[in-house]
Amino acid sequence: LKLDIDHVGHLEFIVKPDVRRQGLGSQLIENVLEQPSIKSLAHIHATVDQTNIAAQKILDRHGFSRRGYDPDGRIEFAWHKQ
């Protein structure tokens with residue numbers, strides 16, 4: 034997770050192809066969101082390739098919402114503290 038100057042977190046993660054479909058992506062997101070330093074953030078953003086349906090589903094399940102597309106055509110997601 035990278036922070037920008039506005040203290041918005043930008044989530045980046047990749048699951049190696051040979052260990053996909055084992056729930057690791059979901060575990061990564063859960064672990065990140067449980068960190069005390071992350072809980073203090075108001076927003077976390079992530080971008081996903083349009084073809085990466087698994088990552089989109091993971092972000093949807095963990096409370097991220099679709100916000101549009103970045104200049105490269107990737108889907109933008111955002112998580113907002115509740």
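Per the working numbering, the sequence shown starts with residue 34, numbered consecutively.
Glycine is no exception: its CB is placed at the ideal position from the N, C-alpha and C atoms.
Computed from a predicted model, the values in this text were never measured in an experiment.
DSSP places Gly106 in the coil class of the three-state scheme, outside both helix and strand.
Assignment of Ile47 by DSSP, reduced to helix, strand and coil, places it in the coil class.
A distance below 8 angstroms between beta-carbons, with the five flanking residues on each side excluded, links His76 to the following residues of its chain, in chain order: Val41, Gly42, Ala111, Trp112, His113 and Lys114. Rounded to the nearest whole angstrom, the CA to CA distance from Lys90 to Gly58 is 10 angstroms.
In the three-state reduction of the DSSP assignment, Ser59 falls in the helix class.
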